[in-house]
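Peer 1:
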Amino acid sequence: MITRRALAALLPSLAFSQVKEDKKLAPYYPTPETIVEKMLQLGALKAGEKMFDLGSGDGRLVIMAAEKFKAAATGVELDDDLYKQSSERIKRLGLDGKAKIIHGDVLTQDYSSADLLTVYLLPSATEKLTPILEKQLKKGTRIVSHDFPFKNWQPEKIEDIPDDGEGRSHSLYLYRR
Ligand SMILES: C[S@@+](CC[C@H](N)C(=O)[O-])C[C@H]1O[C@@H](n2cnc3c(N)ncnc32)[C@H](O)[C@@H]1O
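Take 0 as the starting number for the sequence shown in numbering that gives the first Met the number 0 and just add one per residue.
#1: Please state whether the Cβ-Cβ distance between E76 and I100 is less than 8 Å.
#2: Between the alpha carbons of K182 and L53, how many angstroms are there, rounded?
#3: Starting from D52, trace the beta strand (DSSP E) in both directions and tell me its first and last residue.
#4: Can you tell me whether DSSP reads E165 as helix, strand or coil?
#5: Buried or exposed: which applies to K138, given that a residue is buried once 16 or more other Cβ atoms fall within 10 Å of its Cβ?
#6: Does the CB of D52 have a neighbour CB from chain C at under 8 Å?
#7: Return the chain-ordered list of same chain residues with a C-beta closer than 7 Å to the C-beta of F175, the five sequence neighbours on each side being excluded.
#8: Give me the Cα-Cα distance between L81 and E87, rounded to the nearest whole angstrom.
#9: Is T73 helix, strand or coil by DSSP?
#10: Can we say the segment 107–119 touches the segment 129–136, given the rule of at least three CB pairs closer than 8 Å?
#11: How about A72 and G47: do their beta carbons lie closer than 8 Å?
#12: For a minimum of 3 consecutive residues, which ranges assigned as the beta strand (DSSP E) are wholly contained in the segment 111–163?
#13: Grab the span of the beta strand (DSSP E) containing K99 for me, first residue to last.
#14: Return the CA-CA distance between K22 and D78, expressed in angstroms with no decimal places.
#15: Quick one: does the C-beta of D21 sit closer than 7 Å to a heavy atom of ligand 3?
#16: Looking at H145: is its Cβ nearer than 8 Å to the Cβ of I62?
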């Protein structure tokens, strides 16, 4: 049986995990690598540009953006393990200084320097992000959203991929502020 003292010691960390759970805007469901490349191509990412992946998971978009597209890439990830795993992978690949992960909430970051944002979050999340991005983004910033459109914005282009080779179909939405 758990004692009152043990419970008291446990409560702050339980409360903290509940706060994290409340902030969660999507489960971890990675984008296949072929689609990662299509997202960055659709966003026309160029060498030296600043890109952010909002909810960066294992860091695959950030890593490809830095390695293959030579961009300055930043991921934002709430989950402790994914943050740790992706930061370690960046280090192992020698991408320090080119790619990094912020351990935090996508709703509280500053994207004003971004040239490209990539997003794979649920519709409720894109709704929460809309006013934040409308306020912060400089003119011309591109946004590529995987599967879930920003419902108040008009996409410049929609790319439908009927089968990624693994039996999954995808839709990519390109926006420009
Ligand atoms: C569908 S996955 C996408 C991962 C990656 N972007 C990709 O496309 O492979 C969503 C990610 O967002 C993260 N996430 C959910 N809510 C978040 C929040 N409020 N702030 C930062 N990351 C969040 C999840 O932990 C998960 O890794």
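The beta-carbon is built from N, C-alpha and C at its ideal position, and this holds for glycine as well.
Values in this document were obtained by computation on a predicted structure and should not be read as measured data.
Peer 2: If we stick to the structure as given:
#1: For this step, residue 76 is matched to residue 77 along the sequence shown. For this step, residue 100 is matched to residue 101 along the sequence shown. Result yes, Cβ atoms of E76 and I100 sit closer than 8 Å.
#2: With the chain covering only 0 through 176, there is no way to say anything about residue 182.
#3: Counting from one through the sequence shown, the residue named residue 52 turns up at place 53. Residues 49–53.
#4: For the purposes of this step, residue 165 is taken as the residue at position 166 of the sequence shown. Reduced to three states, the DSSP call for E165 is coil.
#5: For the purposes of this step, residue 138 is taken as residue 139 along the sequence shown, with counting starting at 1. When all chains shown are included, K138 counts as exposed.
#6: No chain C is part of this structure, which consists of one protein chain only.
#7: Position 176 of the sequence shown, counted from the start, is the residue given in the question as residue 175. Per the sequence shown, the amino acid found at residue 175 is Arg instead of Phe. These residues qualify, in order along the chain: G139, R141, E155.
#8: Position 82 of the sequence shown holds residue 81. Position 88 of the sequence shown holds residue 87. When rounded, the distance between both Cα atoms is 10 Å.
#9: Taking the first residue of the sequence shown as position 1, residue 73 is located at position 74. Reduced to three states, the DSSP call for T73 is strand.
#10: yes
#11: For the purposes of this step, residue 72 is identified with residue 73 of the sequence shown, where counting begins at 1. For the purposes of this step, residue 47 is identified with residue 48 of the sequence shown, where counting begins at 1. Not closer than 8 Å, so no.
#12: 115–118, 141–145, 156–160
#13: Position 100 of the sequence shown, counted from the start, is the residue given in the question as residue 99. Here the beta strand (DSSP E) through K99 covers 98–102.
#14: As a first step, residue 22 must be located in the sequence shown, where it is residue number 23. As a first step, residue 78 must be located in the sequence shown, where it is residue number 79. Each residue's alpha carbon lies about 10 Å from the other.
#15: The ligand content of the structure shown is limited to ligand 1, which means ligand 3 is not among them.
#16: The residue you call residue 145 lines up with position 146 of the sequence shown. The residue you call residue 62 lines up with position 63 of the sequence shown. Contact flag unset, no.
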